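> Under this note's numbering, the first residue of the sequence shown is numbered 12, with each subsequent residue one higher.
Ideal Cβ positions, reconstructed from N, Cα and C, are used throughout, including at glycine.
Note that the coordinates shown come from a computational prediction; the quantities given were computed from them, not determined experimentally.
For reference, the structure I am asking about is given below.
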Amino acid sequence: MNRIFILIIYFAFATINYAQTNDAIKVIDKIKSSSISVDKKISLLETNISSEKDTLTIMLNAAALGDLYSIIEAYDKSYEYYIKALQIAQSKKLKIHIGDYYQGLGKIQLRTGNLQSSLEFHTKAYEVFKKTRKHKRKNLALGNIAVIQSKIGPLEKAINTLKNLSTDKGFDNRSKANALMTLGNIYLEKLDIPEKAIDYYNQALNLLNKKSSKTIQIMLLQNIAEAQIELNNYDKALISNKKSEIILKQASNLELLSSLHKFYSNIYKEKKQYKKAYTHLTLQQKYNDSIANSTTLLKIANINAANELEKHKTDTTLQENKITNLEREKTINNLKTTVLLISLVLLGLVTYLLIKKSHYRIKTLSDEKTEIIDKLDFNKNKIEKMALNIATSQEYVTSFSEKIKDTLIRITDKKSKEEITKLLTDLQSYKMISNNKKELKNYLGKINDEYLFNLTKNYPNLTKEEQHLCSLIYLNLKNKDISNLLNLSIRSIENKRYRIRKKMNLETTQSLSNTLNDL
C-alpha cells in the first residue's frame with residue numbers, strides 16, 4: 012500500500028480553501044461542484060479566464076483549473092495554471108493564496124514522482140504561512156514536509172516534526188491522527204520497529220470517533236495487522252484485519268480490499284491454513300485486477316476528457332476565427348461605406364468648385380467680350396476708312412495683274428521657263444523640307460530618354476539614323492508617313508527596317524513594331 016501517497020493527498024487537499032464569499036468564488040464553486048464532465052468544467056473556467064479582466068478572478072479561475080487538470084492527470088496544464096495563479100497572487104501580495112498555490116504545485120510534483128521538487132514547494136508554502144496568523148495552514152504545510160521527508164529523509168526531522176504536530180493544540184484530531192499514522196509508517200517500514208509502530212497507530216485510532224473518516228480507520232487497523240504479522244502475533248493480526256473488514260463494508264475501496272485479503276492470505280499461510288490462504292490470495296488477485304482495470308478505465312476516461320477538451324478548444328478557436336473574420340468583414344464594409352461617403356462628399360465639393368470656377372470663367376469671358384466689343388466699336392470708324400482706301404487700291408492691283416499675265420504670255424524662251432519652273436520647285440521643296448524637319452522634330456520629341464536608353468542598351472549596334480527610325484516606328488507611324496517625314500522613298504524605308512530586324516535577330520514571325528513597343 013502506498014501510505015505516503017494517501018497521506019500527502021489528505022494534507023494537500025486540506026490546504027485548498029476558498030473561504031471568500033464574493034461572486035467569483037461562488038461561480039467557480041458552482042462549476043466545480045456541478046454534475047457536468049470535467050472537460051466541460053475546464054471549458055467553462057477557461058472561457059471565464061479569456062473574458063475576464065479582473066486579475067483576482069483570473070487568479071481564482073486559474074487555481075481551479077489547476078485542480079481540474081490534475082484530476083484528469085494533465086499535470087503539465089495543471090502546473091501551468093497553478094503557476095499563473097501564483098504569479099498573480101505574488102503581484103497582489105496575497106500571502107494566503109501564495110501559500111495555497113505553492114501547496115498545489117507541491118501536490119502536482121508529488122503525483123508525478125518529483126519528491127524533491129514537491130518538498131521545495133511545500134517548504135516555500137510553510138515559509139509563507141509562518142508570516143501569517145494561519146496556524147493550521149502552517150502545521151498542514153509542516154505535515155506535508157514531514158510526510159515527504161519520511162520518504163526521502165532525513166528521518167529524524169520527519170519524526171520530530173510529526174511528534175510536535177501530533178500534540179499541537181491548534182491541530183484537529185484528524186490531522187493529528189494523520190501525523191501519528193505517518194510516524195507509525197516510519198517505524199514499521201523504515202526503522203523496522205513494529206511495536207513502536209503499533210503504539211502510534213493505536214494513538215491515532217483513539218483520536219478518531221466513529222464518524223471520522225472510514226478510510227483512515229481501515230488503514231490504521233490494517234497497518235496494525237501488518238505490524239502484528241511482523242511480530243508473529245497472527246491471532247491479534249487476524250482480529251485487527253477483521254475489524255478493518257467490518258468498517259470496509261461501509262466504505263468500498265478496491266485498494267483497501269486488496270490489502271485486506273493480502274493480510275488474510277499471509278496470516279492463514281503462517282497459521283498453515285493453506286486453503287483459506289489460497290482463497291484470500293485469489294481474492295487479492297481479483298481486486299488487483301479490478302484496480303488495474305479501474306486504472307486503465309480512468310486513464311482512458313482522462314484521455315477521452317482531454318480529447319474532448321482539445322476538440323472543444325479547436326471548435327472554439329474555429330468559432331472565434333469565424334467571428335473575427337465576420338467582424339473584420341464588417342469593419343471593411345464599414346470602411347468602404349465611409350470611404351464612399353467621403354468620396355461622394357469630395358465629389359460634391361469638387362463639382363461645386365468646378366461650377367463656381369466655371370461661373371467665374373463665364374463672367375471673365377463676358378467682361379472680355381464687352382471689352383472687345385468696345386474695342387471693335389472704337390476701331391469701326393478706322394476700318395470703314397481703311398475699306399475705302401482698299402477699294403481704291405484694288406482697282407490698281409487688278410490692272411497690274413492683267414499686265415503681268417500679258418507679259419507671261421509673250422515669254423517664249425524655254426530656258427527662262429525652265430529656270431522659273433526650277434526656281435518655283437526649289438522654293439516649294441525648301442518649304443516642304445523645312446516643314447518636314449519641324450514636324451520630325453515634334454515627333455521625335457515625344458520619345459522619352461528612358462525609351463532611347465533601353466533601345467541602346469538592348470541593341471547597341473543600331474546607328475543613330477536607325478534609332479530615329481525605330482523611334483518613329485514606336486510612335487506607330489506607317490511607312491508612307493515616315494517616308495514623307497524623312498523625304499525618302501517607301502522602298503528605302505522598307506530596306507532600313509529589314510536591316511534593323513537583322514541587327515535585332517528577329518524571326519520572320521516576330522513583329523518589329525511589337526518588339527519596339529515591348530521596350
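1. Considering T172, what are the terminal residues of the alpha helix (DSSP H) in which it resides?
2. With a threshold of 7 Å between beta carbons, is N220 in contact with chain D?
3. Would you grab the beta carbon distance between I302 and E266 for me? Rounded to a whole angstrom, and I think it's under 8 Å.
4. For Y279, which residues of its own chain have a beta-carbon under 6 Å away from its beta-carbon, when the five flanking residues on both sides are left out?
5. For the alpha helix (DSSP H) that K260 lies in, which residues bound it at each end?
6. Put N277 into one of helix, strand or coil per three-state DSSP.
7. On the criterion of 16 or more Cβ atoms from any shown chain inside 10 Å, does E518 qualify as buried, or is it exposed?
8. Once the 5 residues before and after D378 are set aside, which same chain residues still bring their CB inside 7 Å of it?
9. What do you get for K333, buried or exposed, if any count of 16 or more other CB atoms within 10 angstroms of its CB means buried?
10. With C-beta atoms as the reference, is N155 less than 7 Å away from H133?
11. Does K513 pass the burial test, meaning 16 or more other C-beta atoms within 10 Å, or should it be called exposed?
12. How is F182 classed by DSSP in three states: helix, strand or coil?
13. Excluding the five sequence neighbours on either side, which residues of its own chain have a C-beta within less than 8 Å of the C-beta of K52, listed in chain order?
14. Does P471 come out as helix, strand or coil in the three-state DSSP assignment?
15. Throw me the rounded Cβ distance for the Y509 and Y485 pair, which I believe falls under 8 Å.
16. Give the DSSP-derived three-state secondary structure of S440 in the structure shown.
17. Compare the C-alpha of N490 against each of F464, T467, S524 and M515 and name the closest.
18. Does I204 come out as helix, strand or coil in the three-state DSSP assignment?
19. Residue range of the alpha helix (DSSP H) that D492 falls in?
20. Cutting at 7 Å between CB atoms, please list the residues of its own chain near Q101, excluding the five before and the five after it.
21. From this set, Y298, L268, K180 and Y211, which residue's C-alpha is nearest A188's C-alpha?
22. For N252 and Y245, I'd like the C-alpha separation in whole angstroms.
23. Below 8 Å, how does it come out for the stretch 133-143 and the stretch 84-104: are there three or more Cβ pairs, yes or no?
24. Could you pull the start and end residues of the alpha helix (DSSP H) that G154 belongs to?
25. Helix, strand or coil for K333? Go by DSSP, reduced to three states.
26. Over what stretch of residues does the alpha helix (DSSP H) that includes I47 continue unbroken?
27. Measuring CB to CB, does Y86 end up less than 7 Å from I60?
28. Compute the Euclidean distance between the alpha carbons of N345 and E63, then round it to the nearest angstrom.
29. Taking Cβ positions, are I209 and A238 nearer each other than 7 Å?
30. Comparing alpha-carbon positions, which option in S482, E477 and L496 lies nearest L506?
31. Can you tell which of L358, Q160, Q296 and T348 has its C-alpha closest to the C-alpha of F274?
32. Look at the alpha carbon of A75 and the alpha carbon of L219, and state the distance between them as a whole number of angstroms.
33. Between L527 and the rest of its own chain, which residues show a CB-CB distance below 8 Å, the 5 nearest in sequence each way excluded?
34. Can you check which of these residues, L242, N243 and H272, is closest to K254 by C-alpha distance?
35. Compute the beta-carbon to beta-carbon distance between T226 and A262, rounded to the nearest angstrom, for a pair I have assumed lies under 8 Å.
Based on what the coordinates show:
1. Per DSSP, T172 belongs to the alpha helix (DSSP H) from L166 to S177.
2. Here chain D cannot be found, since the structure has a single protein chain.
3. About 6 Å separates the beta carbons of I302 and E266, which is inside the 8 Å limit, making them a contact pair.
4. In the same chain as Y279, and ignoring 5 residues on each side of it, the C-beta atoms closer than 6 Å to its own belong to K287 and A288, in chain order.
5. Per DSSP, K260 belongs to no alpha helix (DSSP H) and is neither H nor E.
6. Annotated three-state conformation of N277 is helix, per DSSP.
7. Result: exposed.
8. Apart from sequence neighbours up to five positions away, no residue of its chain approaches D378 with a beta-carbon distance below 7 Å.
9. Answer is exposed; the Cβ neighbour count stays below 16.
10. Their beta carbons are under 7 Å apart, which means N155 touches H133 by this criterion.
11. Around the CB of K513, fewer than 16 other CB atoms lie within 10 Å, so the residue is classed as exposed.
12. Of the three classes helix, strand and coil, the one that applies to F182 here is coil, per DSSP.
13. The beta carbon of K52 sits closer than 8 Å to those of I42, K43, S45 and L79, all from its chain and outside the five residues before and after it, given in chain order.
14. Collapsing the DSSP output to three states places P471 in coil.
15. Wrong, their Cβ atoms sit about 17 Å apart, outside the cutoff.
16. Any reading at S440 needs caution, since the residue's pLDDT is 45, under 50, leaving its predicted position unreliable; the model's value is listed next. Three-state DSSP puts S440 in a helix.
17. Cα-wise, what sits closest to N490 is S524.
18. DSSP places I204 in coil when its eight states are reduced to three.
19. Looking at the DSSP string, the run of the alpha helix (DSSP H) that includes D492 is N490 to L497.
20. Closer than 7 Å at the Cβ level, and outside the excluded window around Q101, lie I109.
21. The candidate whose alpha carbon is nearest that of A188 is Y211.
22. Computed Cα separation, rounded: 10 Å.
23. Touching, no.
24. Run containing G154: H146 to I163, per the alpha helix (DSSP H) assignment.
25. If DSSP states are grouped into helix, strand and coil, K333 belongs with the helices.
26. For I47, no alpha helix (DSSP H) segment is defined, and its DSSP state is neither H nor E.
27. If you check the CB distance, Y86 and I60 do not come in under 7 Å.
28. Cα to Cα, N345 sits roughly 28 Å from E63.
29. Yes, these two residues count as a Cβ contact at 7 Å.
30. The amino acid occupying residue 506 in the given sequence is Asn; Leu does not appear at that position. Closest by C-alpha distance to N506, out of S482, E477 and L496, is E477.
31. Minimum Cα distance to F274 is reached at Q296.
32. Cα to Cα, the separation comes out at about 31 Å.
33. L466, C481, I484 and Y485.
34. For K254, the closest alpha carbon among the candidates L242, N243 and H272 is that of H272.
35. 6 Å between Cβ atoms; contact.
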